[in-house]
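Inspection log for the structure reproduced underneath, given as structure tokens.
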Amino acid sequence: MVATQQTNENNQCEESGGRPLLEILDLSVGYETGSGLVRAVDHVDLSLYAGESLGIVGESGSGKSTLVMSVLRLLPLDKTVVTGTVLFNGVDILRCPQQEMARIRWKEISIVFQKSMNSLSPVHKVWEQVEDIYRVHAPGASKDEIRERILHLFNVVNLSPRVLELYPHELSGGMLQRVCIALSLVHLPKLVIFDEATTALDVITQGQILDEVMRLERELKLTSIIVTHDISVVAKTCKRVAVMYAGRLMEVGDVGTVLVEPLHPYTKGLISSFPPLTGTRKKITGIPGALPDLKAPPPGCIFAPRCPEALKVCKEKSPVPTVVSRDGEEHLKDVKFGPGESAGLRNIQVPPIGAHVVACHKYGGDDA
Amino acid sequence: MSGTGTSSRPTGHEEVLSAVEIQKWYPARRQILRLGHKDGGTFVKAVDGVNFSLRKGEILGVIGESGCGKSTMGKLLVGLEVPTGGKIYFQGQEATSLLKGDAKAFRRKAQIVFQNPFDTFDPRHNIASILSTPLKIHGIGSSDSERKEICCQALEQAGLRPAREYLFRFPHELSGGQLQRVSIVRAMLLKPLFLVADEPVSMLDVSVRADILNALLQLSEESSTAIVFISHDISVTRYISHRIAVMYLGRIVEIGDADEIISHPCHPYTRALISNFPSADPREAREGIQIQGEPPTPVNPGPGCYFAPRCFMTSEECLHSYPEEVDLGGGHLVWCHMVQR
Amino acid sequence: MDENAARARFTRSLKEFWMAYSSQKQAVAGLLILLLVVAVAFLAPYISPYDPNYLGDTLMEAPGRQHLLGTDGMGRDVFSMILHGTRVSLLVGVISALLSGMIGTLVGGISGFFGGTVDAVISEIIDIFLMLPTFFLILIIVAMFGSSMLNVMIVIGLTSWPGNARLMRAQALSLRERTFVIGAKVIGESRGSILFRYIIPNGIFPVIANTTMQVASAILTEAGLSFLGLGDPNVVSWGRLIYDGRAYLTSAWWISTFAGMAIVVTVMGFYLIGDGLNRVLNPKLRDERQ
Chain F
6 MVATQQTNEN NQCEESGGRP LLEILDLSVG YETGSGLVRA VDHVDLSLYA
56 GESLGIVGES GSGKSTLVMS VLRLLPLDKT VVTGTVLFNG VDILRCPQQE
106 MARIRWKEIS IVFQKSMNSL SPVHKVWEQV EDIYRVHAPG ASKDEIRERI
156 LHLFNVVNLS PRVLELYPHE LSGGMLQRVC IALSLVHLPK LVIFDEATTA
206 LDVITQGQIL DEVMRLEREL KLTSIIVTHD ISVVAKTCKR VAVMYAGRLM
256 EVGDVGTVLV EPLHPYTKGL ISSFPPLTGT RKKITGIPGA LPDLKAPPPG
306 CIFAPRCPEA LKVCKEKSPV PTVVSRDGEE HLKDVKFGPG ESAGLRNIQV
356 PPIGAHVVAC HKYGGDDA
Chain Z
34 MSGTGTSSRP TGHEEVLSAV EIQKWYPARR QILRLGHKDG GTFVKAVDGV
84 NFSLRKGEIL GVIGESGCGK STMGKLLVGL EVPTGGKIYF QGQEATSLLK
134 GDAKAFRRKA QIVFQNPFDT FDPRHNIASI LSTPLKIHGI GSSDSERKEI
184 CCQALEQAGL RPAREYLFRF PHELSGGQLQ RVSIVRAMLL KPLFLVADEP
234 VSMLDVSVRA DILNALLQLS EESSTAIVFI SHDISVTRYI SHRIAVMYLG
284 RIVEIGDADE IISHPCHPYT RALISNFPSA DPREAREGIQ IQGEPPTPVN
334 PGPGCYFAPR CFMTSEECLH SYPEEVDLGG GHLVWCHMVQ R
Chain G
293 MDENAARARF TRSLKEFWMA YSSQKQAVAG LLILLLVVAV AFLAPYISPY
343 DPNYLGDTLM EAPGRQHLLG TDGMGRDVFS MILHGTRVSL LVGVISALLS
393 GMIGTLVGGI SGFFGGTVDA VISEIIDIFL MLPTFFLILI IVAMFGSSML
443 NVMIVIGLTS WPGNARLMRA QALSLRERTF VIGAKVIGES RGSILFRYII
493 PNGIFPVIAN TTMQVASAIL TEAGLSFLGL GDPNVVSWGR LIYDGRAYLT
543 SAWWISTFAG MAIVVTVMGF YLIGDGLNRV LNPKLRDERQ
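Chains as they are written, first to last, in this note's numbering: chain F, 6 to 373; chain Z, 34 to 374; chain G, 293 to 582.
Listed below in structure tokens is the structure:
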């Protein structure tokens, strides 16, 4: 059931086929504020294998953006406390030297933000900016080489070459976002992160861009993370989904499993908050209550105060993320994972491809 | 009155609101290069001839992309903008002259809930003051304590219990969902004829949206207030609405029963819109209809169908004349040359 | 209980304001200066060693034990005159700045909130006032209508409001687009009541800060007028002291110098307070601080 790849070599070893491309291990991020530490991300374990597309879903304050920002080490150093480990392709992201990180950013991991288009300079033509950005990681590249590469990518994201000669204000929001997606692909990164990249766009533009992202994943064999508050974007685009709430992971698994037959009460609540577009109209219900104060989180499960199914134990002990099997019959007793106490980083068990992980006492999360 | 569709789900017989050919044209900024237009000036036609009517207690959803004029239409209905053409009638009474003659009477009939709950209230006023102000202005309740009592009742009814806890709080101490409830409560205190809800849940978290939508539904049922629900979210609009109107560049291109519009969209634009709207159910994978470009700004569109330049099924006719209304029966109206009667 | 909660909340926001204000050293220094000046103004009759109008026997005596800051050409005690002059300068400064603040708030608020033609006309008027050489205008008016203290205060107030009006107009322009102002319209508030209940209270903070600084410039203007001999001849003011001491500048430097120092210190105090308030109250600077 659990494909544990125990490679006892040291950290510098070549990437082994069985290990995920990105491993987030016991990652916590706190924001320092005048009145206390806000636990924006709290002991998150998440892994992503090459070729997967992962959607991270959560409401505001769930820590989903903080999570991906810490993977790129883009958080302000003076105001955040980051603990845990992020391994990307064997490199310890949080501890590698600054130059190494600068190389990894954009070349190996790139990101498209909701407001990426605002980062384009209004007084320079798209082409000039594209050229500059390309040269950051390839200083010696010739104009022709860059143009050829860019035009290829514009073709991929469905933009006409004419766009290169325009100023950003002459483009619509959707076209600008396409430019930004093309820019994120210039060096063929191993991982592309879309942080609410289609949120501000209109329905039709969003639909078209999502279709293109899916096509890119197929054609360029991209590994991608889509961070969004909108379940339907994940439902349409991703293979796997991670549901976050108040800085913790609630449920991780295949989209077809988690969004169709959710196990975690939070996921259930979230899904029943979405009115269906077709079929019979059934009454939708929200989740009562509000996000807890992340400066002083309640003991036990963070969702317990709002959970309709909370047991006594939920309010006392934090549930441990547990792999549950897919047959539905026996999803109670299974294998725990997480960083071993004295084990080296390479010895950590990670859940296998396609595992369904739930952090809830109802599904075996109670024995630590 | 062309285009006044009849709901297939009548919830009352009294017509409370009707819009006849309403228009809002803004003079376009002077352009350095005057391209294409000879004389007569250029106009941004935010709303360009909209017709519909609302029955008592009916909820009409208005969907469309940004810039389609749905928000401007909402503002016209509540008198925040004055139409440059056409007429709006409240129970047969012409609205613009009512606004000029007796502004307070107008305000009592038409209320609005805004998109951004965090900016809807003056940060310096507490909830008690926010809610009792409209009562005071319109002379409802004889004393401060009576008005406070009315506010408490309304808060409790909207699920903000115990009301006394909320009365002396300030807006920044409430969550977005709670603020939006207060916003609905304030609008309903005046028992308006109809309420415009302009993207009321788009800034709220998914898990509190449902409660706000249900609160709107409940209030509309209890006091049979008609609602114009403006949104870009199609599934939310379908959930709450009896009828749906689809707008494109200032005009309604299709209107009809909500389920009918969603399951049998006829206008190519509606079809593109719905097919591109992602579903929360991964089993319901749809291939989005590809259409070119993005909605242009409505500067002197036409003379043909406004959607023709992006449409995937145009004919010669579409480029020359704006399509006539096609009645598909059951109140389903569509404006498209390619749809057969 | 509810009322108590509201009061507690008010105290809390006052406390927050004080925390932000008192974290600035200069602003606290300004406040201390102001407290000193106000105390002097109140206690002048009790702490001054002589009657400021008493003509002593020793003329132009240098500062010493008898006369702390010396005497002037007519034998009056300079120290006592400066103490009494505090009252005049403070009064003129505060009243004319208040007048200017009120006119500026009202005119700017109306202009920015009502917009359209009203705004166009008022903006022109504001620009004209800003272009006028104000000091000469004051000179002319004082020359025409006499130089009583009341006239001086009114004239300074009436010529210094355009700065405040511009600040208030800018605030009103952005506030009127805010949802809560539009919402007030929808619930039926009249335009006047929106102006006074929503626009002015939310937009007045930059005006308050600016008005504090204007106290300083009003004190300077009054001194300038007195120096030119156009101050109220019946009262002792700092400007008048400098004016009187001008003739003896080479032989009795102390007459003008100490009065000048009093002006510098007071003006600086108001500037420091104004600057401190601006940092706490002005929304733009407040965002930068965070």
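We put the beta carbon where it would ideally sit given N, CA and C, even for glycine. Quick caveat: nothing in here was measured; it's all calculated off a predicted structure.
Within the continuous alpha helix (DSSP H) that includes residue i, where are the two ends?
i                 : result
GLU514 of chain G : 497-519
ALA240 of chain F : 236-242
List, in order along the chain, the chain F residues whose C-beta lies closer than 8 angstroms to that of residue i?
i                 : result
ASP238 of chain Z : GLU64, SER65, HIS234
TYR272 of chain Z : PRO280, ARG286, ILE289
Would you please state the rounded distance, in angstroms, between the beta carbons of residue i and residue j? I believe it to be under 8 angstroms.
i                 : j                 : result
GLY322 of chain G : LEU573 of chain G : About 15 angstroms separates the two Cβ atoms, so there is no contact after all.
LEU181 of chain F : LEU125 of chain F : 7 angstroms
Residue range of the beta strand (DSSP E) that residue i falls in?
i                 : result
TYR36 of chain F  : 27-38
LEU252 of chain Z : Looking at the DSSP string, LEU252 of chain Z is not in any beta strand (DSSP E); the run it does join, the alpha helix (DSSP H), is 239-256.
GLY121 of chain F : The identity of residue 121 of chain F in the sequence shown is Ser, whereas the question assumes Gly. Looking at the DSSP string, SER121 of chain F is not in any beta strand (DSSP E), and its letter there is neither H nor E.
ALA230 of chain Z : 227-231
MET255 of chain F : 253-259
HIS361 of chain F : 361-363
For the ligand NAP, is there any heavy atom lying closer than 8 angstroms to the beta carbon of residue i?
i                 : result
GLY438 of chain G : With respect to the ligand NAP, the structure offers nothing, as it holds no ligand at all.
How should residue i be labelled, buried or exposed, when 16 other C-beta atoms within 10 angstroms of its C-beta is the threshold for buried?
i                 : result
GLN211 of chain F : buried
GLN463 of chain G : buried
ASP137 of chain F : exposed
GLY349 of chain F : Legend: pLDDT at GLY349 of chain F = 43, less than 50; position of this residue unreliable, value from coordinates given subsequently. Exposed.
SER347 of chain F : Low confidence applies here, because SER347 of chain F scores a pLDDT of 36, under 50, leaving its location unreliable and the question unanswered by this model.
TRP310 of chain G : exposed
ASP177 of chain Z : exposed
ALA360 of chain F : buried
GLN148 of chain Z : buried
SER509 of chain G : buried
Please state if the CB of residue j and the CB of residue i are separated by a distance shorter than 9 angstroms.
i                 : j                 : result
GLY107 of chain Z : PRO331 of chain Z : no
VAL380 of chain G : ASP524 of chain G : yes
ILE230 of chain F : VAL238 of chain F : no
ARG532 of chain G : GLY377 of chain G : yes
ILE96 of chain Z  : ALA318 of chain Z : no
LYS103 of chain Z : ASN333 of chain Z : no
ASP57 of chain F  : LEU79 of chain F  : Reading the sequence as shown, one finds Glu at residue 57 of chain F and not Asp. It is not a contact, given that the beta carbons lie outside the stated cut-off.
GLN506 of chain G : SER372 of chain G : no
LEU254 of chain F : ILE236 of chain F : no
ILE163 of chain Z : ARG242 of chain Z : no
LEU326 of chain G : PHE562 of chain G : yes
ARG214 of chain Z : LEU193 of chain Z : yes
TYR139 of chain F : ILE116 of chain F : no
VAL246 of chain F : GLY68 of chain F  : no
What in chain Z is Cβ-close to residue i, meaning under 7 angstroms?
i                 : result
ALA295 of chain F : SER208
GLY475 of chain G : PHE147, THR153
SER40 of chain F  : Neighbours of SER40 of chain F on chain Z: none; closest Cβ ~16 angstroms, over 7 angstroms.
Which chain G residues are close to residue i, counting only those with a beta carbon under 9 angstroms from its beta carbon?
i                 : result
ALA136 of chain Z : GLY480, SER482
ARG219 of chain Z : GLY475, ILE479
Mind pulling the chain F residues with CB within less than 7 angstroms of residue i?
i                 : result
GLY125 of chain Z : By Cβ distance, chain F contributes nothing, its closest Cβ being about 33 angstroms from GLY125 of chain Z, past 7 angstroms.
ARG284 of chain Z : What ARG284 of chain Z touches in chain F: nothing, since even the nearest Cβ is about 17 angstroms away.
Chain Z partners of residue i, CB-CB under 9 angstroms?
i                 : result
LEU125 of chain F : Those do not exist, as LEU125 of chain F stays about 17 angstroms from chain Z at its closest Cβ, beyond 9 angstroms.
PRO493 of chain G : ASP155, ARG157
LEU215 of chain F : ASN309, PRO311, GLY321
Can you name the residues of chain G whose CB is closer than 7 angstroms to the CB of residue i?
i                 : result
VAL111 of chain Z : VAL478
GLN144 of chain Z : VAL478
THR166 of chain Z : ILE479
Just to make sure I have the definition right: I need the residues of chain G whose C-beta is within less than 8 angstroms of the C-beta of residue i. Which are they?
i                 : result
GLN211 of chain Z : Those do not exist, as GLN211 of chain Z stays about 16 angstroms from chain G at its closest Cβ, beyond 8 angstroms.
ILE170 of chain Z : ILE479, GLY480, GLU481
ARG140 of chain Z : VAL478, ILE479, GLY480
At a CB-CB cut-off below 8 angstroms, which residues of chain Z make contact with residue i?
i                 : result
LEU264 of chain F : ALA313, ASP314, PRO315
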